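The sequence shown finishes on residue 259 if you use the numbering used here, and the numbering steps up by one all the way, no holes.
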Amino acid sequence: MLAMDTTKKLSFTKFIANGDLVIVHERHDATKAVNVTDGSVLQNRFGVLKHSEWIKDISFVIMCLELVPGCLVLESGTGSGSLTTSLARAVAPTGHVHTFDFHEQRAASAREDFERTGVNSVVTVGVRDLQGLGFPDEFVGQADAVFLDLRQPWFAIPSAASTLKPDATLCSFSPCIEQVQRSCETLTEKLTDIRTFEVLLRTHEVREVKTNTVPGHGNISPMRLPRKRRQTTDGDIEQDEPSAVILTKPSGDNLNLN
Ligand SMILES: C[S@@+](CC[C@H](N)C(=O)[O-])C[C@H]1O[C@@H](n2cnc3c(N)ncnc32)[C@H](O)[C@@H]1O
Numbered sequence: 002m003l004a005m006d007t008t009k010k011l012s013f014t015k016f017i018a019n020g021d022l023v024i025v026h027e028r029h030d031a032t033k034a035v036n037v038t039d040g041s042v043l044q045n046r047f048g049v050l051k052h053s054e055w056i057k058d059i060s061f062v063i064m065c066l067e068l069v070p071g072c073l074v075l076e077s078g079t080g081s082g083s084l085t086t087s088l089a090r091a092v093a094p095t096g097h098v099h100t101f102d103f104h105e106q107r108a109a110s111a112r113e114d115f116e117r118t119g120v121n122s123v124v125t126v127g128v129r130d131l132q133g134l135g136f137p138d139e140f141v142g143q144a145d146a147v148f149l150d151l152r153q154p155w156f157a158i159p160s161a162a163s164t165l166k167p168d169a170t171l172c173s174f175s176p177c178i179e180q181v182q183r184s185c186e187t188l189t190e191k192l193t194d195i196r197t198f199e200v201l202l203r204t205h206e207v208r209e210v211k212t213n214t215v216p217g218h219g220n221i222s223p224m225r226l227p228r229k230r231r232q233t234t235d236g237d238i239e240q241d242e243p244s245a246v247i248l249t250k251p252s253g254d255n256l257n258l259n
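Set out below in structure tokens:
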């Protein structure tokens with residue numbers, strides 16, 4: 002989910018604000034424009050997304066790629082351009098993102114969007130079959146980071162690896178574990194420090210309750226610190242008084258957006 006600056010200027014605003022136009026990218030063939038309104042939700046096959054929340058994958062990718070202004074980033078495929086926009090914002094104003102898609106219309110439409118949202122000064126869109134041809138030779142040894150979101154990324158990995166500067170990072174995003182396995186096999190031939198992550202967003206409800214049992218919460222136990230049994234002066238064991246406990250349980254807002 003990406004915020005778009007309706008003034009057409011490259012915006013460095015950190016958070017989506019009430020009234021922003023946001024492009025929601027569900028899949029490469031399913032995107033929606035949504036006007037953000039406080040308290041509203043977007044409902045789709047992934048669940049209920051509150052307008053007030055941010056999706057986790059893009060920020061995780063940007064953190065792992067260690068992007069800062071001035072970086073040169075290579076990406077394929079461009080798709081809706083939503084990730085490209087975030088990459089561009091991370092490397093602007095002095096860096097650049099070269100993104101490639103083999104689908105001419107998709108590339109043209111992304112180019113138009115980048116002009117509309119003002120990131121075109123730091124993004125170049127190329128039409129190219131990355132799995133067949135790899136990245137252009139001019140990028141060998143030039144990239145600070147490479148991001149792949151392709152069906153068969155293992156075909157593009159050897160070329161992608163050759164574009165990396167020493168200590169640069171390649172990230173490949175795949176929805177299926179079979180794709181991940183095959184990509185890792187190819188990655189180990191070319192690169193070191195290979196790690197695989199599944200990114201889940203899980204919210205918890207934490208509240209204080211005053212009781213020894215937690216009605217309505219099945220087997221979920223309240224969090225209590227172990228303590229010594231107390232004895233009164235006449236030798237009786239003191240009964241537990243109802244006391245304050247902290248209850249934590251996954252809330253109904255859990256999202257797995259992969
Ligand atoms: C899942 S989408 C990418 C989504 C993108 N990360 C975004 O933010 O919208 C995959 C894209 O890769 C492109 N693609 C598939 N095979 C390709 C290839 N061999 N070379 C270049 N692009 C390719 C598709 O046209 C599609 O746009």
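No residue lacks a Cβ here, since even glycine has one placed at the ideal position from N, Cα and C. As the structure is a prediction and not an experimental result, all values here were calculated from the model.
Cross-strand partners of GLU76 (DSSP beta bridge) | The residue you call residue 76 lines up with position 75 of the sequence shown. The partner list for GLU76 (beta bridge, DSSP) reads THR100, PHE148.
Endpoints, beta strand (DSSP E) assigned at THR125 | Position 124 of the sequence shown, counted from the first residue, corresponds to residue 125. Where THR125 is concerned, the enclosing beta strand (DSSP E) starts and stops at 124-128.
List the whole-angstrom C-beta distance separating PHE101 from ARG129, where the pair is believed to meet the contact cut-off of C-beta under 8 Å.
-> Reading the sequence shown from its first residue, position 100 is the one you call residue 101. Reading the sequence shown from its first residue, position 128 is the one you call residue 129. For a cut-off of 8 Å, the C-beta gap from PHE101 to ARG129 is around 4 Å, short enough to register as a contact.
Do you know offhand how far LEU66's Cα is from VAL210's?
-> Position 65 of the sequence shown, counted from the start, is the residue given in the question as residue 66. Position 209 of the sequence shown, counted from the start, is the residue given in the question as residue 210. Take the alpha-carbon of LEU66 and the one of VAL210: they are about 43 Å apart.
Buried or exposed by the 16-neighbour rule on C-beta atoms within 10 Å, applied to ILE195 | Residue mapping note: residue 195 aligns to position 194 of the sequence shown, counting from 1. When all chains shown are included, ILE195 counts as exposed.
Unbroken alpha helix (DSSP H) run spanning THR164, endpoints = Walking along the sequence shown from the start, residue 164 turns up at place 163. 158-164 is the span of the alpha helix (DSSP H), which, as asked, contains THR164.
Quick one: does the C-beta of ASP130 sit closer than 8 Å to a heavy atom of ligand 1?
-> Taking the sequence shown and counting its residues from 1, the one referred to as residue 130 is at position 129. Result yes, Cβ under 8 Å from ligand 1.
Any heavy atom of ligand 1 closer than 8 Å to the Cβ of SER77?
-> By one-based count along the sequence shown, residue 77 stands at place 76. Yes, the Cβ of SER77 comes within 8 Å of a heavy atom of ligand 1.
Does the count of Cβ pairs from the stretch 148-157 and the stretch 183-191 closer than 8 Å reach three?
-> Touching, yes.
Contacts around ALA108, its chain only, beta-carbon distance under 7 Å, and the 5 residues preceding and following it disregarded | Counting from one through the sequence shown, the residue named residue 108 turns up at place 107. Answer for ALA108: THR79, ASP102, VAL126, VAL128, listed in chain order.
Kindly give me the distance between the Cβ atoms of LEU149 and ALA162, rounded to whole angstroms, as I take these residues to be in contact under 8 Å.
-> Within the sequence shown, numbered from 1, the residue matching residue 149 stands at position 148. Within the sequence shown, numbered from 1, the residue matching residue 162 stands at position 161. Going by Cβ atoms, the distance from LEU149 to ALA162 rounds to 11 Å, so no, they are not a contact pair.
Express the C-alpha separation of ARG203 and VAL246 in angstroms, rounding to a whole number.
-> In the sequence shown, counting from the first residue as 1, residue 246 sits at position 245. In the sequence shown, counting from the first residue as 1, residue 203 sits at position 202. Rounded to the nearest angstrom, the two C-alpha atoms are 22 Å apart.
How would you call THR118, buried or exposed, if buried means at least 16 neighbouring beta carbons within 10 angstroms?
-> On the sequence shown, position 117 is the one that residue 118 refers to. With 16 or more Cβ atoms within 10 Å of its Cβ, THR118 is classed as buried.
If you run the structure through DSSP and keep just helix, strand and coil, what is GLN154?
-> Counting from 1 along the sequence shown, the entry for residue 154 is found at position 153. According to the sequence provided, residue 154 is Pro. The question's Gln does not apply to it. Here PRO154 sits in helix by DSSP.
Under 9 Å between C-beta atoms of SER87 and THR32 | In the sequence shown, residue 87 corresponds to position 86, counting from 1. In the sequence shown, residue 32 corresponds to position 31, counting from 1. For the 9 Å CB-CB criterion, SER87 and THR32 do not form a contact.
Would you kindly report the start and end of the unbroken alpha helix (DSSP H) that includes THR234?
-> The count along the sequence shown starts at 1 and reaches residue 234 at position 233. First-last for THR234: undefined, no H or E at that position.
Alpha carbon to alpha carbon, how far is GLY71 from VAL92?
-> For the purposes of this step, residue 71 is identified with residue 70 of the sequence shown, where counting begins at 1. For the purposes of this step, residue 92 is identified with residue 91 of the sequence shown, where counting begins at 1. One C-alpha to the other measures close to 5 Å.
With a 10 Å radius around its C-beta and 16 neighbouring C-beta atoms as the bar for buried, classify PHE115 as buried or exposed.
-> Numbered from 1 along the sequence shown, position 114 holds the residue referred to as residue 115. PHE115 is buried by the Cβ-count criterion.
From the DSSP output, which residues share a beta bridge with SER206?
-> As a first step, residue 206 is located in the sequence shown; it is residue number 205 there, counting from the start. This sequence places Glu at residue 206; Ser is not what is there. Answer by DSSP bridge pairing, in chain order: LYS250.
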